[in-house]
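Residue numbers for the sequence shown, in mature numbering (1 follows the signal peptide of the UniProt record, and there is no 0): -22 to -1, 1 to 744.
Each residue gets a CB set at the ideal place from its N, CA and C atoms; glycine is no exception.
Below is one structure, written out as structure tokens, with a few remarks after it.
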Amino acid sequence: MAGMVIVLMVATFPALLCVAAAGGAPPFSCGPGAPYVPFCDQRLPVERRAADLVARLTLAEKVSQLGDDAKAVPRLGVPAYKWWSEGLHGLSMWGKGMHFNGVVQRVTSFPQVLLTTASFDDKIWYFIGQAIGVEARALYNIGQAEGLTIWSPNVNIYRDPRWGRGHETPGEDPITASKYAVAFVRGLQGPSPTTLQTSACCKHATAYDLDDWHGTVRYNFNARVTPQDLADTFNPPFKSCVREGQATCVMCAYTSVNGVPACADYNLLTKTLRGEWGLKGYVASDCDAVALVHDGQHFRPTPEDTVATTLKAGMDMNCGNYTQVHSMAALRQGKMTERDVDRTLVNLFSVRMRLGHFNGDPRSNQMYGHFGANDVCSPAHKNLALHAAQSGIVLLKNNAGILPLHRWTVGSVAVIGPNANDPGALLGNYFGPACETITPLQGLNGYVKDVRFEPGCSDTACWSVATGKAVAVARSSDHVILFMGTSHVQEEEGRDRTSLLLPGRQQSLIEAVARAAKRPVILVLLTGGPVDVAFAKFNPKIGAILWAGYPGQAGGLAIAKVLFGEHNPSGRLPVTWYPEEYMRVPMTDMRMRADPVTGYPGRSYRFYRGPTVYKFGYGLSYSRFSRRLASSGMTGDQKNLLAGLTSTTAADDGVSHYDVEEIGAERCEQLKFPAVVEVENHGPMDGKHSVLLFLRWPNATGGRPASQLVGFQSQHLESGEKASLTFDVSPCEHLSRAREDGKMVIDRASHFLFVDEDEAEISFDS
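Spelled out as structure tokens, the structure:
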């Protein structure tokens, strides 16, 4: 009976660790009156506590902890633990750790990350992370979660517009992705680095942004990446995630980088993540990535060699059971030692202890023990989902001020398109069961009495089109709003896009409806990634275009509020929108920088040389805003800090530069200076405005970007109001560039900060 009681307690309260064990085993209760053991002593550093616990495990028990489904050790009061849970834009049904079959059956579903990023508001990013962490801890406290390790965020760079997972990311810019990573991780993990709300995991390190392109799949793709691109594009978000965000996990990707599988790369996992960036936590593999090191990439000859190589490289926890299955044989064969396993387990148990494991009943946790069912789908979280969605929506076109609409002048509205009333079009990859869903059709029903709906296509593939019905509805209505775009049918994990055009016959449907309508139509795009809608951009019969991404559970209401002027749109595109001709660029070509000799156009606003449909950072408002760079620059004393440092002359263009590493952390901090941007709302509406501050070099030779984002701020301004926004500019971070060898340097020459056409010169000459 005692054993049955223990099992019931663990099932009900997963964090009730170190309870009295059954069968006469030592009673490690970690509570008042229990025998003293160091791993239960909260006064000790977690690494020492973890080492003590690991030392008490048998070798077989140690190996049982090396997968995402970690086994129980009843004799020590250690319960089973599920490491895999997801929280990309809300808790997810993917993974093993969260369960939605009890008191709580629904959770808050926020907008997909790319749309949230379009707000360029890191406070929103933080609050979303915080809300997801609260809901995870609430489920844990009420017994509906078997883990608190959340494998989010995805901070890979959205390098190619076809990538099926691009909408999971913060876009193409490394500064933006880095700031997103820091804000989201801090929100998710909570305010204390020693007592975590949940554990965040930044994924997928590194240079992972292809799933399936013409038969090349992520499981065996070898990404050939230059040191220059690693240094200034692919690695910065992970560096920020660890150093500034203090993430407690990094996930290694399926792909190989320059011939070495990411999960077997000692230089990446140990020298860089832990040594250079200071990771205090664990490294997880992507699911079955360790097995693929042998089975798909053939990097090591045997399973035993494979688990030994990955563990010694710095991979701590294998999502899957491959390491659990083959580690005992690897130990017997001398491929690895028990010390290798111990090091890994100390990393894993240290994180569990920072989550409060082995500290008693989860409800007694002073910081997070009070969270419960009422904290899931709370009014505050629902309002945040709405606020995030409407803050990210981007107004791409608004001819003759067709928007906003006014309730009192709109008699009837034709709502046309496959995404108008599909709840699935709101969610995006890694969704959970939403508290509620408001489709665009439902949102508009709250604003207009006479709404006439015709889907036009059965789904976004749109091979069969009811053009006649759609045209008839359009002709009979005062206004026409089309809800078109993509869905999981075109882009998701394991599925990259095959075209940048709208799928199937959507374009012909839009054009037919636009010709038939009484006045210019409104086109709302619900897509994960960018689409080539040049036909709509230049068609006078299409008066307005909105991009609404995958806007989450409140997406339909957010769109309606923007359309009817209850929210002034302020979103800006976090990715470049390329024309369809970009499809000629091989997705497997990882180069960021353009090559004029071969005609390779490059990637992202920083390096792409070619036509665009819409540029990075583009977005309109119902108001007119002006921006002016009021002041910026370094003092003479700051410039003198560089006196005495050796500068090196670049071989390609003769420009001398300083090595950032040689400048050092202390000088880098002293070199920081403010840049002030004045922004004014000229009306006619109040609204939020995002100001993006950029840097350019006098020339873009030597691999220098054409321009580079320095920072951004979002500010709400009443009509007629002015504000001064101060940006903290760090030359070592913001004015540096990567050499071909990956070294970060600052040119001893002019740099130009700019907002719109207004710029200021920053010189490093004394």
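For residue i, the first and last residue of its enclosing beta strand (DSSP E)
i, result
"W525", "520 to 525"
"T704", "700 to 707"
"Q693", "686 to 695"
"V654", "651 to 659"
"C230", "227 to 230"
"L262", "The question names Leu, but residue 262 in the sequence shown is Ala. A262 -> beta strand (DSSP E) spans 260 to 263."
"R463", "Checking the sequence, you will find Gly at residue 463 rather than Arg. It spans 457 to 463 - the beta strand (DSSP E) in which G463 sits, taken as one unbroken run."
"V499", "499 to 504"
"L673", "665 to 674"
N-terminal and C-terminal residue of the alpha helix (DSSP H) that residue i is part of
i, result
"M306", "300 to 310"
"R27", "24 to 33"
"M331", "316 to 332"
"C413", "Segment: none, C413 is in no alpha helix (DSSP H) and carries neither H nor E."
"G681", "Careful: G681 lies outside any alpha helix (DSSP H) and carries neither H nor E."
"K290", "281 to 291"
"R221", "214 to 221"
"S486", "484 to 494"
"E544", "Here E544 belongs to no alpha helix (DSSP H), and DSSP marks it neither H nor E."
"G614", "614 to 618"
For residue i, the three-state DSSP class (helix, strand or coil)
i, result
"residue 787", "This structure cannot settle anything about residue 787, because the visible part of the chain is limited to -22 through 744."
"R605", "strand"
"R473", "strand"
"G642", "helix"
"Y636", "strand"
"R252", "helix"
"D734", "coil"
"A727", "coil"
"P239", "strand"
"V513", "What sits at residue 513 in the sequence shown is Phe, not Val. It is helical."
"V268", "helix"
"D719", "coil"
"T94", "helix"
"L374", "strand"
"K101", "helix"
"T194", "strand"
"S741", "strand"
"N337", "coil"
"P5", "No answer about P5 holds up, because its pLDDT of 35 lies below 50 and its placement is not dependable."
"Y592", "strand"
"A(-1)", "At A(-1) the pLDDT is 31, less than 50, meaning the model places this residue with poor confidence; the figure from the coordinates comes in the next sentence. In the structure shown, A(-1) sits in coil (DSSP, three-state: anything other than H, G, I, E or B)."
"C710", "helix"
"A358", "helix"
"C18", "helix"
"V56", "strand"
"T211", "helix"
"N79", "coil"
Whole-Å CB distance - residue i paired with residue j, under 8 Å assumed
i, j, result
"V707", "S609", "Going by Cβ atoms, the distance from V707 to S609 rounds to 11 Å, so no, they are not a contact pair."
"G543", "Y528", "Between Y528 and G543 the Cβ distance is about 23 Å, and since that is not below 8 Å, they are no contact."
"G446", "I394", "G446 to I394, Cβ: 12 Å. No contact."
"residue 748", "N659", "In this structure the chain extends from -22 to 744, so residue 748 is not present and cannot be described."
"L188", "D573", "Rounded, the Cβ-Cβ distance is 20 Å, inconsistent with contact."
"L323", "V24", "Contact doesn't hold; Cβ gap of about 13 Å is too wide."
"Y232", "Y260", "Wrong, their Cβ atoms sit about 18 Å apart, outside the cutoff."
"T226", "R330", "Going by Cβ atoms, the distance from T226 to R330 rounds to 10 Å, so no, they are not a contact pair."
"H67", "G338", "Rounded, the Cβ-Cβ distance is 32 Å, inconsistent with contact."
"A448", "L487", "6 Å"
> Three or more beta-carbon pairs under 8 Å between the stretch 157 to 176 and the stretch 91 to 103, yes or no?
Replying inline: At 8 Å Cβ cutoff, the stretches touch.
> Along the chain, which unbroken stretches of the alpha helix (DSSP H) at least 4 residues long are found entirely within the stretch 547 to 590?
Replying inline: Every alpha helix (DSSP H) of 4 residues or more that sits fully in the stretch 547 to 590 is shown, in chain order, as 582 to 585.
> For the 8 Å Cβ check, are there 3 or more pairs between the stretch 299 to 314 and the stretch 127 to 146?
Replying inline: With a cut-off of 8 Å on Cβ pairs, the stretch 299 to 314 is not in contact with the stretch 127 to 146, counting fewer than three such pairs.
> Quick one: any contact between the stretch 612 to 625 and the stretch 673 to 691, if contact means 3 or more CB pairs under 8 Å?
Replying inline: Using a Cβ-Cβ distance cut-off of 8 Å, the stretch 612 to 625 and the stretch 673 to 691 are not in contact, since fewer than three pairs of beta carbons, one from each stretch, lie closer than that value.
>> Three Cβ pairs or more, each shorter than 8 Å: is that satisfied between the stretch 593 to 612 and the stretch 539 to 558?
In response: Yes, since at least three Cβ pairs between the stretch 593 to 612 and the stretch 539 to 558 fall closer than 8 Å, the two stretches touch.
> For the 8 Å Cβ check, are there 3 or more pairs between the stretch 560 to 580 and the stretch 520 to 538?
Replying inline: In short, these stretches do not touch, since the Cβ pair count stays below three.
> Any contact of the stretch 85 to 94 with the stretch 35 to 43, i.e. 3+ C-beta pairs under 8 Å?
Replying inline: By the criterion of at least three beta-carbon pairs nearer than 8 Å, the stretch 85 to 94 is not in contact with the stretch 35 to 43.
> What beta strand (DSSP E) runs, 3 residues minimum, are completely inside the stretch 395 to 430?
Replying inline: Listed in chain order, the beta strand (DSSP E) runs fully inside the stretch 395 to 430 amount to none, counting runs of at least 3 residues.
> Between the stretch 461 to 471 and the stretch 499 to 516, do three or more beta carbon pairs fall short of 8 Å?
Replying inline: With the cut-off at 8 Å, the stretch 461 to 471 and the stretch 499 to 516 touch.
> Which runs of the alpha helix (DSSP H), 4 residues or longer, sit entirely within the stretch 114 to 192?
Replying inline: With a minimum length of 4 residues, the continuous alpha helix (DSSP H) runs that stay inside the stretch 114 to 192 are 152 to 167.
> Between the stretch 370 to 379 and the stretch 113 to 120, are three or more C-beta pairs nearer than 8 Å?
Replying inline: As far as the Cβ criterion goes, the stretch 370 to 379 does not touch the stretch 113 to 120, which means the pair count is below three.
>> Check whether the stretch 162 to 180 and the stretch 709 to 726 are in contact - that is, three or more C-beta pairs closer than 8 Å.
In response: With the cut-off at 8 Å, the stretch 162 to 180 and the stretch 709 to 726 do not touch.
>> Within 8 Å, do at least three Cβ pairs link the stretch 308 to 321 to the stretch 283 to 299?
In response: The stretch 283 to 299, when compared against the stretch 308 to 321, does touch it at the 8 Å Cβ threshold.
>> Three Cβ pairs or more, each shorter than 8 Å: is that satisfied between the stretch 506 to 515 and the stretch 345 to 362?
In response: Segment contact: the stretch 506 to 515 against the stretch 345 to 362, fewer than three CB-CB distances shorter than 8 Å; contact not assigned.
> On the three-pair Cβ rule with 8 Å, is the stretch 421 to 430 touching the stretch 464 to 473?
Replying inline: No, the stretch 421 to 430 is not in contact with the stretch 464 to 473.
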